[in-house]
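Below is one structure, written out as structure tokens, with a few remarks after it.
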Amino acid sequence: MYKTAKKIVRKESEQMYALMEKLYPICRSITGNGVRKSLQILKEIVPLEVHEVPTGTVVFDWTVPKEWNINDAWLKGPKGNRIVDFRNSNLHVLNYSTPIDQEITFGELKEHIFTLPEQPQLIPYRTSYYDENWGFCMRHSKFKKLEAGTYHAYIDSSLEEGSLTYGELYIEGEEKEEVLISCHICHPSLCNDNLSGISAAIHLAQALLAKKNRYSYRFLFIPGTIGSITWLARNEQKLENIRHGLVLSCVGDAGNITYKKSRRGDAKIDHIVQKVLEDKNETYELRDFSPYGYDERQYCSPGINLPVGCFMRTPFGEFPEYHTSADNLDLADMDALEDTLSTLKQVVHVIENNQTYRNLNPKGEPNLGKRGLYKRVGGASDTEVDQMAILWTLNLCDGKHSLLDIAVRAEMPFDKIKRAAAVLYETGLLKEMN
Amino acid sequence: MYKTAKKIVRKESEQMYALMEKLYPICRSITGNGVRKSLQILKEIVPLEVHEVPTGTVVFDWTVPKEWNINDAWLKGPKGNRIVDFRNSNLHVLNYSTPIDQEITFGELKEHIFTLPEQPQLIPYRTSYYDENWGFCMRHSKFKKLEAGTYHAYIDSSLEEGSLTYGELYIEGEEKEEVLISCHICHPSLCNDNLSGISAAIHLAQALLAKKNRYSYRFLFIPGTIGSITWLARNEQKLENIRHGLVLSCVGDAGNITYKKSRRGDAKIDHIVQKVLEDKNETYELRDFSPYGYDERQYCSPGINLPVGCFMRTPFGEFPEYHTSADNLDLADMDALEDTLSTLKQVVHVIENNQTYRNLNPKGEPNLGKRGLYKRVGGASDTEVDQMAILWTLNLCDGKHSLLDIAVRAEMPFDKIKRAAAVLYETGLLKEMN
Amino acid sequence: MYKTAKKIVRKESEQMYALMEKLYPICRSITGNGVRKSLQILKEIVPLEVHEVPTGTVVFDWTVPKEWNINDAWLKGPKGNRIVDFRNSNLHVLNYSTPIDQEITFGELKEHIFTLPEQPQLIPYRTSYYDENWGFCMRHSKFKKLEAGTYHAYIDSSLEEGSLTYGELYIEGEEKEEVLISCHICHPSLCNDNLSGISAAIHLAQALLAKKNRYSYRFLFIPGTIGSITWLARNEQKLENIRHGLVLSCVGDAGNITYKKSRRGDAKIDHIVQKVLEDKNETYELRDFSPYGYDERQYCSPGINLPVGCFMRTPFGEFPEYHTSADNLDLADMDALEDTLSTLKQVVHVIENNQTYRNLNPKGEPNLGKRGLYKRVGGASDTEVDQMAILWTLNLCDGKHSLLDIAVRAEMPFDKIKRAAAVLYETGLLKEMN
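Written as structure tokens, this is what we have:
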């Protein structure tokens, strides 16, 4: 097993932030060296495998596109001054821009400039993956001051045969049934969307690597849409093993947690996340599935229909910094990062521990007194279990209710029921169902 | 096909009103020449068939009654003046009155007078189909002024062997599965109840005759209760073809639309009407089935149990003019008539177009860009389709969700989903299910 | 049949109270002569059978305990004065106290004194059935005044081989399917908990003995927990006959009726009690099952899972007098006792009369007029039935809906539907389903 435990010295949120900080400057896209460099950084933390899928590979209805790389870019004004410079922000270049090195009039130039008139101080994030084009993104405040004249547009990029790169980490558990955790890695210098998701996934993976697990876990670090479609197309035979799944996106801002249910709407993962959020006793939001968003769109397409939900804090498009230069490291909230990771760990904890038991003394209540489980319970700290949790667990352990089901019906935290079940199991009153 | 198109020059609501105006003076009942004359007028517009079922015919638990006809009626007071006159209002005669020509005391007369003490200016509408009786209905204000003395009651009616008459229009569609539209035609000079229903049915039929339809449509113009029972008893073998049905009654007043669900409560027609009403974005009311009302009582009797709801504006008994001389042509609201017809046409539109498709690229999203369905959509007017509607349609076209189901889940108008499906179908992404 | 009818001269609530009054002074426990004496009193009213189950008998996971009896008990202070005296209140002795006759210091004594600091004027009710111990319960106000010194604790009790005693009354009906009514009889001088339940059960039994019943009825008068477990263990073969069941507890106080549903949550008894409470048009409370409370815990254990709910007024623990000397005869409310009994009789009435019928004229409505059921209904008092109740009953008597189902859907009182069904049955329009 990968050694990670001894590295954990700083608070986890600080480590999460540090990783985001390291990834932040890199210019990522759906293909290219930005992704490779990012995955290399992740690989220093967890033993992920890097896959390269050649340009032109047919994946379901799609084809892996040409690989895009960029070295430099700038726009010079009539007086020769640099108006935008890729080195200041990789958002300045329309992502997937074709190369150009040309003098053009202001009139021609305007067709290739993207701004946010309503947020004039921010640089927008724009892409043109499947329509070959070039362009610059800039502050509207600056754009308004541009004058007529001859400009020089320079983009030193390449769009060539190559490959699509993604990372995959498989953590084998006792069972081959697996949990899928997926995050998109195609955004350049944008922090909440989705360095936060990447960092949360990596640190959750670290925690799983440090212990024995019942389920196997598969983490995907993929470019949005084309990445999940590529993975699905190459791994159809593995899908039947996926029992639960989460897409992680926008999990670093100070907003409350939002969970978007799977297409099925009543998948186990939907109930698990809802219960974990309820048990936390903090405000959260549940949303029904809709076919817009991140890679849950692909995992929940009708022919795939996996039990995969989307775990977020403030959803994409609902925070003003979304897809702008303001989605930077300042947006990351340390408490939120901590809360995201601990909530995800609790989701995993419920997944791992959601056993179904059968009460071996189902006729009448068992005599708790003679087993030392009556009244004395609640006293000693190591056997501290709630009397009502014991009664609920005995009453509903009929082989049909999982611990989660019991916790939901009893309106008690999952862990309270789990502790009760553990004590009853030790006492020989419960039997695990297969 | 029946030629109707060239006649459509006036606004449809005006035509609907004109038909009501033409039918208004006729004294109808559950049998007799009033019904025949009315059906003859309808037959000038649509090619309906007129059925005659002889008195004495056993129909389920009932027997077709004697035929009733009336020529004239009046009541003369002690001074020889006409107190009520059938020629002024056919409501003045108790519907199905036996003939009489007799002088009687005021004391005897009072047993045969019906008034509305709480609406003293209105003539009530009363019937005595199955208890042989005679009587007059009059304004309470006038009744109060009557003095003792000898009166002369004169009713020139006949109650004899004859037949029950009803109209039936069958519009054959591509499929033999059919939609039933039923309205009662047994009320004399009452406008909202139910010349409005008759007129709406006729104009809906006209619209269906003018085009090719997927479903077959059967319109029934029948006397209430005994008419639907007669039709059901004579057509039991056709019932299995009825997929959807509506009873139309009281659809001409200015009130909001009220829809009373079928006995099943979750019949397709119930969902269709509800969705059409929701999409209209106007106030409406949904009611659960109850075994009181119009002929839905018969269509939804336990041994018949057809998916038939009742489409109304203000329900019977809930407008003050109900079953009185105030339910006259003044009660008709032109906007309401227009709205009723356009809503019914939209119901038919959903019935006709509620296809179920299968996404032929169900694994991951299909590449919309390469098919020109991404971003460019929303531009050109003839392919103007909503991007979210496309995504919902692709996501839920798994062969199990109809377009209606998709529209309901997506919380989008049916037509938005229909347009998306049409575009996807043309692009070859959807296949129609059988 | 047991003759009870002629005894009914006083109001039933007065009789219920008189029985509580007679039982009140007796010191009951889960075994012993107090129970025997109480059952003897009940046997004078209804022909119940008294069962004795020897100490040591294994019943499921439990063993019948030693029998406890007590003659006298007191605590004398340093000056020889009696501080507490069993003869003043049997609550003064910890129920199931082992015998003692010993001088002890105040320090030692304190370990054996139970008080209610927050209700200083009340004597608490405490038990120690399965942990051998001795003790006194007293007012906290008095306890606070005790001084250091030598005390004399005297409890003349015995804890010996003997038996557990319970009462059982089986009232045979036409069918062997049975209704279980259970109440606990183990509490000493406590009135609402549960002399009220005992008295209600006895008077309900009296009413059932006075008439012929469709169902058989089984009344259990048992010590809590160990009593129901004992009965269940000895009667497993009878459980399959139990169709409905109620535990009666705390039914004499002035609070509203509270019904706690069976574990199944949708058992017929749950629907029946809910409907009876609704029909009463008084405030009531419905609660979901929880595995805490009275003997419903045993009847609803997962391996038994009977359709048994718990019928209460103010639930245990929710009235301040609960398990204290204030739960005395003053707490009994005559109107509440009357209401409890009449409600239980109505529950039995619905159980007995909840037939399922089939409409023999299911196609269209039957002709009510020719059967004298139209209009004339509502007139004469002996056939006074509601027209809408007739229509609902005809419409839903499809062999699938019981009269209860119809009443619920029609939102009408059960008895209104029952009367309609009776009239329709007499007319030959309905057939009883087997």
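Residue numbers (numbering that gives the first Met the number 0), protein chains in the order written: chain A, 0 to 433; chain B, 0 to 433; chain C, 0 to 433.
In this text, a Cβ means the ideal position worked out from N, Cα and C, and glycines have one as well.
Taking only three categories from DSSP, how would you classify residue i?
i, result
"C:Val376", "Since pLDDT at C:Val376 reaches only 36, below the 50 mark, its modelled position is unreliable, and the value read off the structure follows with that caveat. Coil at C:Val376, not helix or strand."
"B:Trp67", "strand"
"B:Ala72", "strand"
"A:Asp84", "strand"
"B:Asp332", "coil"
"C:Glu284", "strand"
"C:Lys259", "strand"
"A:Asp269", "helix"
"B:Asp397", "strand"
"C:His183", "strand"
"C:Lys211", "coil"
"B:Tyr321", "coil"
"B:Tyr424", "helix"
"A:Lys417", "helix"
"A:Met432", "coil"
"C:Gly31", "coil"
"B:Leu245", "strand"
"A:Glu337", "helix"
"C:Trp133", "coil"
"B:Val349", "helix"
"B:Arg370", "helix"
"C:Val275", "helix"
"B:Asn94", "strand"
"C:Ile44", "coil"
Can you round the beta-carbon distance between residue i and residue j to whole angstroms, since I take them to be within the 8 Å contact cut?
i, j, result
"A:Leu208", "A:Val63", "A:Leu208 to A:Val63, Cβ: 30 Å. No contact."
"B:Arg357", "B:Gly398", "4 Å"
"B:Met15", "B:His202", "6 Å"
How far does the beta strand (DSSP E) with residue i in it reach, from first residue to last?
i, result
"B:Asp155", "149-159"
"A:Glu51", "48-53"
"A:Tyr165", "162-170"
"C:Gly308", "307-311"
"C:Asp326", "Premise fails: C:Asp326 is in no beta strand (DSSP E) and is neither H nor E."
"A:Glu102", "99-104"
"A:Arg357", "355-358"
Go to residue i, then tell me how far its alpha helix (DSSP H) extends in each direction, as first and last residue.
i, result
"A:Tyr298", "295-298"
"C:Lys21", "11-22"
"B:Thr229", "225-233"
"B:Leu403", "402-409"
"C:His139", "139-142"
Measuring from the CB of residue i, is there a heavy atom of the ligand SAH at a distance below 6 Å?
i, result
"B:Ser188", "This structure lacks the ligand SAH; in fact it carries no ligand of any kind."
With DSSP as the reference, please indicate the residues paired to residue i in a beta bridge.
i, result
"A:Val57", "A:Thr62"
"A:Leu108", "None; A:Leu108 has no bridge partner."
"A:Tyr216", "A:Ile170, A:Val178"
"B:Thr126", "B:Asn94"
"B:Ile201", "Answer is none; B:Ile201 lacks a bridge partner."
"A:Phe113", "A:Cys136"
Listed in chain order, which residues of the segment 59-78 of chain B have Cβ atoms closer than 7 Å to some Cβ of chain C?
Phe59, Asp60, Trp61
Given a limit of 8 Å on CB to CB distance, which residues of the segment 287-299 of chain B reach chain C?
Ser289, Pro290, Tyr291, Arg296, Gln297, Cys299
Name, going along the chain, the residues of the segment 383-395 of chain C whose beta-carbon falls closer than 8 Å to a beta-carbon of chain B.
Met387, Leu390, Trp391, Leu393, Asn394, Leu395
Using a Cβ-Cβ cutoff of 9 Å, what residues of the segment 102-130 of chain C are near chain A? List them in chain order.
Tyr128, Tyr129, Asp130
Using a Cβ-Cβ cutoff of 7 Å, what residues of the segment 335-365 of chain B are near chain A? List them in chain order.
Asn358, Asn360, Pro361, Lys362, Gly363, Glu364, Pro365
In chain order, what residues of the segment 181-196 of chain A put their CB closer than 9 Å to some CB of chain C?
none
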